[in-house]
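Some notes on the structure that comes next.
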Amino acid sequence: EIKGVQELDMIPIIIEREVLRQLNLLKIRDELKKRGVSEEELKEEFHAVTDIFENTKSKVIARAIKKGEKVLALKLPKFRGLIGYEIQPGRRLGTEMADRAKKYVKGIFHIDELPGYGITQEEVDAIVERLGLGEQDAFVLVAAEEEIAKKALREVLQRAREALYGVPEETRRALPDGNTQYMRPLPGKARMYPETDIPPILITEEMKKEILANLPELPQAKVERYVKEFKIDKSLAKTLVDDERDELFEELIEMGVKPSLAASILVVVLKGLKKEVPIENITDEHIKEAFKLYLAKKIAKEAFEEIFKELALHPEKSALQVAEEKGLTLLSEEEVEKIIDEIVQQNVDVIKAKGMGAMGMIMGKAMAKLRGKADGKLVSQLVRKKIRELS
77 EIKGVQELDM IPIIIEREVL RQLNLLKIRD ELKKRGVSEE ELKEEFHAVT
127 DIFENTKSKV IARAIKKGEK VLALKLPKFR GLIGYEIQPG RRLGTEMADR
177 AKKYVKGIFH IDELPGYGIT QEEVDAIVER LGLGEQDAFV LVAAEEEIAK
227 KALREVLQRA REALYGVPEE TRRALPDGNT QYMRPLPGKA RMYPETDIPP
277 ILITEEMKKE ILANLPELPQ AKVERYVKEF KIDKSLAKTL VDDERDELFE
327 ELIEMGVKPS LAASILVVVL KGLKKEVPIE NITDEHIKEA FKLYLAKKIA
377 KEAFEEIFKE LALHPEKSAL QVAEEKGLTL LSEEEVEKII DEIVQQNVDV
427 IKAKGMGAMG MIMGKAMAKL RGKADGKLVS QLVRKKIREL S
């Protein structure tokens with residue numbers, strides 16, 4: 077059952093993607109059967125691994141440990157490679173598990189996406205050794221107050237058990253890009269309503285304290301934290317929170333993206349494209365993949381706009397595919413220097429006459445050829461160097 081479809085013309089896309097999701101879940105089921113996974117193997121055993129992350133670079137985990145919280149790991153025998161298996165564009169089995177755990181924690185980490193998010197290969201290897209994992213075994217991590225972490229991992233474990241049988245019976249929420257997200261189990265034995273004539277339940281002070289201690293961060297508090305912690309403009313911070321881009325923003329920072337760049341791309345660039353293309357087709361996974369290319373120095377920051385424009389029109393493509401098709405992958409420094417040399421040679425007389433006064437003109441010509449293919453800072457440095465050599 078799918079709820080919350082806002083636009084009628086999205087119905088065919090939602091149906092198509094739901095069919096795709098269910099077919100992929102059946103493929104995962106078949107692969108688990110082939111690997112011989114049984115429900116008995118999926119045990120409720122939570123392993124304390126906080127000590128492995130004493131000197132971690134993961135901000136999420138470091139922040140949790142600083143607050144006195146724990147890092148727990150759940151072993152999922154023979155699930156390696158399947159948690160990261162894409163079931164809808166930009167959504168994986170791991171996303172389904174994270175959706176289940178969201179009533180307790182903001183997110184989970186799993187072996188198929190690691191190393192990453194500040195978690196190193198050494199930390200992954202230490203967990204693999206601690207849990208005694210084989211080549212096909214996986215793990216899921218949660219960082220939270222111990223009892224909360226256990227509850228979140230129980231949800232993950234339940235979803236892993238359901239994967240053995242294919243497609244769970246559930247009510248799902250329609251997302252703007254045509255994908256769907258878990259809301260609750262379908263009405264039935266898995267979803268029981270309280271009787272109207274049962275005696276009232278006394279809400280104790282202890283219950284209230286537990287609820288208050290686990291309340292999510294208020295929007296205004298989050299805006300103020302972003303301004304203070306990440307040194308970004310308040311209007312950018314407010315837009316990130318209002319547009320519900322805050323979780324993605326923090327994920328990008330975890331990946332190593334500068335906060336100012338992450339905020340600028342998520343707010344300024346994407347909003348600027350809203351009038352031209354259907355940006356709702358651009359998934360979080362699209363955005364994260366584009367930033368991974370940037371961090372790997374495969375694209376320049378000037379390429380984001382062109383990549384997102386194409387992904388909005390063709391969401392079935394990957395960011396790398398678009399970058400390669402559009403010729404947006406970064407040139408080597410030698411290739412950049414060769415192009416700048418050609419421009420300089422074509423304008424020798426102007427440079428000799430104006431010296432550094434020709435900088436703006438040469439930069440304009442260089443960026444016209446190199447925008448999205450080279451880092452602007454590198455282009456500026458090389459242009460400056462070439463002009464000085466001639467003047």
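For what it's worth, our numbering labels the leading residue of the sequence shown as 77, then goes sequentially. C-beta atoms are modelled at their ideal positions from N, C-alpha and C, and glycine is treated no differently.
Query, Result
"CA-to-CA distance, residue 298 to residue 224, given in whole angstroms", "22 Å"
"Cα-Cα separation between residue 241 and residue 443, rounded to whole angstroms", "55 Å"
"Reduced DSSP category for residue 165 - H, G, I as helix; E, B as strand; rest coil", "coil"
"Those residues which DSSP pairs with residue 148 across a bridge", "124, 218"
"Per-residue DSSP class, three states only, for residue 155", "coil"
"Neighbourhood of residue 94 by C-beta distance below 7 Å, restricted to the same chain and skipping five residues each side", "78, 256"
"Per-residue DSSP class, three states only, for residue 192", "strand"
"Distance, residue 230 Cα to residue 378 Cα", "43 Å"
"Chain-order list of residues whose beta-carbon lies under 6 Å from that of residue 355 (same chain, five-residue window excluded)", "346, 349, 388"
"CB contact flag (residue 124, residue 217, <8 Å)", "no"
"Backbone secondary structure at residue 257 - three-state DSSP", "strand"
"Between the CA atoms of residue 334 and residue 311 - distance to the nearest angstrom", "17 Å"
"Sequence-distant residues of the same chain with beta carbon closer than 6 Å to residue 221, five excluded per side", "145"
"Residue span of the alpha helix (DSSP H) that contains residue 315, given as start and end", "310-318"
"Cβ-based burial, residue 82 [other Cβ within 10 Å; buried from 16]", "exposed"
"Limits of the beta strand (DSSP E) - the one that residue 246 falls within", "246-250"
"Exposure of residue 101, with buried meaning 16 or more beta-carbon neighbours within 10 Å", "buried"
"Which residues DSSP lists as bridging residue 405, in chain order", "375"
"Beta-carbon proximity of residue 480 to residue 183, cut-off 8 Å", "The question about residue 480 has no answer, for the chain in this structure spans 77 to 467."
"Beta-carbon spacing of residue 165, residue 392 below 8 Å", "yes"
"Backbone CA spacing between residue 357 and residue 171 [nearest angstrom]", "18 Å"
"DSSP-derived helix/strand/coil call for residue 351", "coil"
"Neighbour-count burial assignment, residue 288, 16 or more Cβ in a 10 Å radius", "exposed"
"Given 8 Å, three or more beta-carbon pairs between the region 104-119 and the region 183-203", "no"
"Own chain residues within Cβ distance below 7 Å of residue 360, not counting five before or after", "166, 324"
"Collapsed DSSP secondary structure at residue 79 in the structure displayed", "strand"
"Whole-angstrom distance between residue 191 and residue 306, CA atom to CA atom", "24 Å"
"Complete runs of the alpha helix (DSSP H) confined to the region 427-457 [at least 4 residues]", "435-446"
"Cβ pair residue 238, residue 261 closer than 8 Å", "no"
"Same chain only: Cβ atoms within 8 Å of residue 385, ignoring 5 sequence neighbours per side", "349, 352, 353"
"Test item: CB-CB of residue 454 and residue 415 under 8 Å", "no"
"Same chain, Cβ closer than 8 Å to residue 417, five either side skipped, listed in chain order", "462"
"Under 8 Å between C-beta atoms of residue 328 and residue 322", "no"
"CB contact flag (residue 126, residue 113, <8 Å)", "no"
"Nearest candidate by alpha-carbon position, reference residue 330, set 131, 138, 87", "138"
"Residue 339 and residue 374 closer than 8 Å at C-beta", "no"
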